[in-house]
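Residue numbers (my numbering), protein chains in the order written: chain A, 1 to 325; chain B, 1001 to 1652. Note that beta-carbon positions come from the ideal geometry of N, C-alpha and C, so glycine has one too. Here is the structure we will look at.
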Amino acid sequence: MADDIHGALREAIRTILPDVECVLGWGSGPDPLRSAPLFMKSPEDVERFRAGELAVNNLAVFLPEYAGRKVGIVVKGCDSRSVVQLISETLVKREEVVIIGYPCRGVVDVAKIAAAIGLGNEDLEAGLVERAEVNGDTVSVTVRGETKTFPFKDVMAAKCSICRYPNAVLHDVFIGEKAEAREDSYADLEKYEAMSLEERFRFWEKEMERCIRCYACRNACPLCVCRDHCVASSREPHWLSQADSTRDKLFFQLIHATHLAGRCTGCGECARACPVGIPVGLFKRFINRAAGQLFGFQGGLDPEAVSPLQRFLVDEPTIKEKEWK
Amino acid sequence: MRIGVFVCHCGSNIAATVDSAAVAAAARDFDEVVFSTDTMYTCSEPGQTGIIEAIKTHALDGVVVAACSPRMHEPTFRRAVERAGVNRYMVEMANIREHVSWIGKDKEANTNKATELVRMAVEKLRLNRPLFPKTFKATRRVLVIGGGVAGIQTALDCAEAGLEVVMVERESTIGGKMAKLDKTFPTVDCSSCILGPKMVDVAQHPNITLYASAEVEAVSGFVGNFEVTIRKKVTCVDWEKCTGCGLCTEKCPSKKAYNRFDEGVGPTTAINIPFPQAIPKKAVIDKEFCRYFTTGKCGVCAKICPTGAINYEQQEELAQEKVGAIVAATGYDLFDWRAYGEYGAGRYPDVISSLQYERMLSASGPTGGHIKRPSDGKEPKTVVFIQCVGSRDASIGRPYCSGFCCMYTAKQAILTKDHIPDSQSYVFYMDIRAPGKAYDEFTRRAMEEYGAQYVRGRVALIYPKGDKLVVRGTDTLMSSQVEVEADLVVLAAGAEAARNASGLAEKLHISYDTYGFFVEGHPKLRPVETNTAGVFLAGACQGPKDIPSSVAQGSAAAAKVLGLLSKDVLESDPQIAQVTLQRCIGCGKCIRVCPFQAIRETDFRGQRKAEVIEAVCQGCGLCNATCPQGAIQLSHFTDNQVLAEVEALCRC
């Protein structure tokens, strides 16, 4: 990302800092390849801010905790949709958040980089990556003194190549030129749809065998706002058993997906956060497409909109029930 | 818990295809079941006594009845266990009749399925807790929607019995379809002579408040405590001042307005009073035809009105009424016969509907009671009546019989002969349906005394020939083609649900069928009730009905309302949503999804929480399904209870 945009972003953050409790952004993480959330409270903190292709996390996940206090947040296009959805669900008040947007050309998929240098995601211990740089269309990573360079598009997160909203859909400040939107035809779902139901079930059973029930997928999800009250850990009601079974694990994923029906903004954090690489984002992709087809609705675009499953209408405008024969 | 299981034979209804004794035997192995038996008729007096005895003998505190649908007998068994001192919500029913014995013939499979359903019921019952209804005061007033003969009957019966009645009529006068009729079968007495006095009674009864030219905008609340918003439509006439003198209608220069009351037979004036006996007798301006609105200039009526009642700037108003019960009496509308291309689809002026013909017959109608062809005003000598236009015809989506057309066609054939003695009527019919008191005799009279030619068969085509219409059909009794050269063709259009009946049904939260008719609580045993407590049906809104049946139902609905509101306090259903405060995160999803506005946000020690307004909650369960963390539970249908049923089924 260009230095002038970084400079302008820091300037924008410093400008709003006196009016807010803190500004959520990104700073350096366990190694130069990975960013971590940065909670900026002073101008000195702002020096450590960095955005761009390595600024992967969706910081909207922290917003509901600040209810009643005013905060700033720096957002990519996808992050902004989470903020919008939270506002539309009244979980975040519009007047309590200052949104700073910038054009996003995509972020890296750390798991893809790890795989490209011959490591598993779980092998990336802190300090292993000595240097990481994005230069134009390439990404260079230095591990144990050895530098490898990849084309950026090869290590870009899958969600970015089909990103329809690379610029913040709602913002108070926008720094830089708007980035170009891409198309999403849900082509990635075709190979799963080609499977029979039995094959799909076997596929998921196999995937779920790896699940360690850490609930990172849930915790990374900006719209999973129940936190300590999640139905997954409740015995009253007792939806899930505590048994270590693939069925219970799959059951949770289905609950998660249905809770996100018509709400999910496709930020992909659930799948990114999964330490064992289960493609849990697929459930949401399916359900998002269904919400679009059934209700003509996409979450996180309009702060005034109400998600179709969170309202009661006698007649859904997109479902012509009375014309059914 | 000590659970008793009672498996019903229902005579042979269940026992023919389910081994009830085997189901009872299997149930003895289920957790906490200490007693089980099979009985011939569990709902019968000895059957219920058996349950009560078993509760006492075996100290039961929960009962499963495996029998019919809970819609049928759940109240029966709830009362039975209550008589034995057990809370009425400690009964579960397993529906082994409608869900098992009536739909499958394989006795072994049926017995297995019945056993599984009993196991599910037992597992749910184990998590049941006693629930207690609360009491609330009821408003002793009733809303009657629709001022036709059925609504009038309900209103008068309720008002006479001392209830306050609010009547809402969307037209500017009450009277409904009956007011448009000339004579009524089978006595051929004058319609307005018998209806008129009742209409006057409505206007004069101290207990009746009438809103004409008004519609129900919204209904909230629940049985005993409905809040109704009534939208008073713009009439451009201040009805407080209007005396119904009719001067405005005489002087109105716009004389080509569509005459809704006369079904378009003859025009009316833009400001009009529908008919001389209108109640209320007040003028209404039809903005579509009023020159003041179409050209911006006129104002004749305003100048002439002796009381200054004309108000072109009048705005819609909303009125609020509190009532304890609602009677829907919205009647029917005629099928739009233009769907039939073979009858000209509306192209031939001398093909008219039965109701248009009725207006022609009426002495107070547009032709002064003279039958005149719309095309040239001549008196027709040959009149053809075609029955079942929009009835009993699946091809146009109307498979049902409208019931009263056979009778009114016979009446119209008789009246035709009375009006024009040298006329000849032909009636094309499918079957004569005349199963009422003195009805069949009446149709015979039309044929035998009045010489109407009845031809059994459908008409294939009507086409013009000179100034006549050739009606070509089949006589299925003679197996021959028939052609009649008619001067006038009258189509006995069938009945369909009143315009926008479904919209009203949705406001009232009652069901309606494919054709828009409102659905009664039970086709035989609850004919005027609906499945929404406190909402009743009268007249043709429930299905096509003639005047005697509509009046009978109007009185029946009144009896139900009076029964309901004879008590000062009503009991609320405890099967409603409950918020578990410690689990609620205050996300508000339940508030948005509630169709009844029964959930509100509340502050609990500085935290945002949801709160159920118990009296408003209808127990629909939408909040329950929406709450992501399961903090809202529907009493008697908690997540754990439903999960227990599912688990039981999966274990089978």
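To the nearest angstrom, report how far apart residue i and residue j are at their CA atoms.
i	j	result
alanine 8(A)	threonine 138(A)	24 angstroms
alanine 126(A)	threonine 142(A)	13 angstroms
serine 245(A)	lysine 206(A)	11 angstroms
isoleucine 73(A)	isoleucine 1613(B)	38 angstroms
glycine 1146(B)	phenylalanine 286(A)	48 angstroms
alanine 1438(B)	proline 1186(B)	7 angstroms
tyrosine 186(A)	glutamate 11(A)	38 angstroms
alanine 1394(B)	alanine 1533(B)	34 angstroms
alanine 1615(B)	glutamine 1578(B)	12 angstroms
valine 1384(B)	glutamine 1412(B)	11 angstroms
phenylalanine 39(A)	leucine 86(A)	20 angstroms
cysteine 274(A)	alanine 216(A)	6 angstroms
alanine 1024(B)	lysine 1056(B)	19 angstroms
glutamate 193(A)	asparagine 1013(B)	45 angstroms
valine 1202(B)	isoleucine 1547(B)	18 angstroms
threonine 1294(B)	aspartate 1286(B)	11 angstroms
alanine 1486(B)	isoleucine 1371(B)	14 angstroms
leucine 1643(B)	tyrosine 66(A)	36 angstroms
methionine 1178(B)	valine 1327(B)	19 angstroms
So residue i and residue j are in contact, right, with Cβ under 8 angstroms, and what is the actual spacing, rounded?
i	j	result
valine 98(A)	aspartate 172(A)	5 angstroms
glycine 1139(B)	glycine 1004(B)	Rather than glycine, the amino acid found at residue 1139(B) in this sequence is threonine. Contact doesn't hold; Cβ gap of about 41 angstroms is too wide.
proline 1380(B)	valine 1265(B)	Proline 1380(B) to valine 1265(B), Cβ: 14 angstroms. No contact.
proline 279(A)	phenylalanine 297(A)	That belief does not hold up - the Cβ atoms of proline 279(A) and phenylalanine 297(A) are roughly 24 angstroms apart, past 8 angstroms.
leucine 1564(B)	leucine 1163(B)	Wrong, their Cβ atoms sit about 10 angstroms apart, outside the cutoff.
alanine 1155(B)	valine 1165(B)	5 angstroms
Is residue i helix, strand or coil by DSSP?
i	result
isoleucine 1462(B)	strand
methionine 1090(B)	helix
tyrosine 215(A)	coil
histidine 256(A)	helix
lysine 191(A)	helix
cysteine 1301(B)	helix
isoleucine 13(A)	helix
valine 1535(B)	strand
tryptophan 324(A)	coil
glutamate 1611(B)	strand
tryptophan 1337(B)	helix
lysine 334(A)	Nothing in the structure corresponds to residue 334(A), since chain A is present only between 1 and 325.
asparagine 1272(B)	strand
methionine 1478(B)	coil
cysteine 1158(B)	helix
Using a Cβ-Cβ cutoff of less than 6 angstroms, which residues in the same chain neighbour residue i once the five nearest sequence positions on both sides are dropped?
i	result
glutamine 1153(B)	Val1551, Gly1554 and Ser1555
glutamine 1315(B)	none
serine 1375(B)	Pro1349 and Asp1350
isoleucine 1432(B)	Cys1406 and Thr1443
glycine 176(A)	Ile5, Tyr102 and Pro103
threonine 1638(B)	none
threonine 1382(B)	Gln1424, Ala1486 and Asp1487
glutamate 1263(B)	Leu1355, Gln1356 and Arg1359
isoleucine 1386(B)	Phe1428, Val1459 and Leu1491
Return the chain-ordered list of same chain residues with a C-beta closer than 7 angstroms to the C-beta of residue i, the five sequence neighbours on each side being excluded.
i	result
threonine 1229(B)	Glu1217, Ala1218, Leu1318 and Gln1320
glycine 1246(B)	Ile1273
cysteine 1010(B)	Tyr1041, Ala1067, Cys1068 and Arg1097
aspartate 1061(B)	Met1001, Arg1002, Val1086 and Met1090
lysine 1255(B)	Pro1267 and Thr1269
arginine 263(A)	Gln85, Leu223, Gly299 and Ser307
Whose C-beta lies closer than 8 angstroms to the C-beta of residue i among residues of the same chain, with five residues either side of it excluded?
i	result
glutamate 1520(B)	Arg1526, Pro1527, Val1528, Glu1529, Thr1530, Leu1537 and Gln1542
cysteine 104(A)	Lys76, Gly77, Cys78, Cys160, Cys163, Pro166, Asn167 and Ala179
leucine 1415(B)	Asp1182, Lys1183, Val1188 and Leu1361
Unbroken stretches of the beta strand (DSSP E), 3 residues or longer, contained in the stretch 1340-1402 of chain B: Listed in chain order, they are 1351-1353 and 1382-1389.
Minimum length 3: unbroken beta strand (DSSP E) runs contained in the stretch 123-150 of chain A: Counting whole runs of 3 or more residues, the stretch 123-150 of chain A contains the beta strand (DSSP E) stretches 129-135 and 138-143.
Sequence ranges, beta strand (DSSP E) only - wholly within the stretch 1030-1103 of chain B, length at least 3: If one requires a minimum length of 3 residues, the beta strand (DSSP E) runs lying completely within the stretch 1030-1103 of chain B are 1033-1039, 1062-1067 and 1091-1095, in chain order.
Complete runs of the beta strand (DSSP E) confined to the stretch 1411-1436 of chain B [at least 3 residues]: Counting only runs of 3 or more, we get 1424-1429.
Inside the stretch 1575-1605 of chain B only - alpha helix (DSSP H) runs reaching at least 4 residues: For the stretch 1575-1605 of chain B, whole alpha helix (DSSP H) runs of length 4 or above, ordered along the chain, are 1589-1593.
Inside the stretch 1203-1256 of chain B only - alpha helix (DSSP H) runs reaching at least 4 residues: The stretch 1203-1256 of chain B contains these whole alpha helix (DSSP H) runs: 1247-1251.
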